[in-house]
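J.: Have a look at this one before I ask anything.
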Amino acid sequence: MHKPKNTTSRGRPRIVLTLIERRGPHGCHRGHKVGDTFDFDTERGALCPMALHSGFPHIDILRYGGTIPPCTSTGCVAFCCPDPDVVNVFRIDVVPSDGSA
7 MHKPKNTTSR GRPRIVLTLI ERRGPHGCHR GHKVGDTFDF DTERGALCPM ALHSGFPHID
67 ILRYGGTIPP CTSTGCVAFC CPDPDVVNVF RIDVVPSDGS A
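Residue numbers for the sequence shown follow this note's numbering, beginning at 7 and rising by one.
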């Protein structure tokens, strides 16, 4: 059985994005649904470009060792899709190089 790597080819921790909530009245134009998960390094092309653009500053800070306070409404580090009709909320998980989460 293949076990996913916990670091990228450059030794950075893996970043995993999970769609945890939809707050807007309409479904995602890209077809994303609550529960969808994306590996930032290998699957970011499948993620809506608007959402990716919105989340990138958070992702960049976290993958290079910075910290961001958790969102008060979700209890985790999160960002939102900027589409006002959809407002998908994504959680960002950093998978440390040692594999602990």
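Beta carbons are placed, not taken as given, at the ideal position from N, Cα and C, and that holds for glycine.
(1) Looking at the secondary structure, which residues open and close the alpha helix (DSSP H) in which Arg36 lies?
(2) I think Ile98 touches Leu23, with their Cβ atoms under 8 angstroms apart; what is that distance to the nearest whole Å?
(3) Below 7 angstroms CB to CB, which residues in the same chain sit around Ile65 once its five sequence neighbours on both sides are set aside?
(4) Quick one, which of Cys34, Gly81, Ile67, Ser103 has its alpha-carbon nearest Cys54's?
(5) What number of angstroms, rounded off, separates the C-alpha of Thr78 from the C-alpha of Gly17?
T.: According to the data block:
(1) Neither: Arg36 is in no alpha helix (DSSP H) and is coded neither H nor E.
(2) 6 angstroms
(3) Ile21, Phe46, Ile98
(4) Cys34
(5) 31 angstroms
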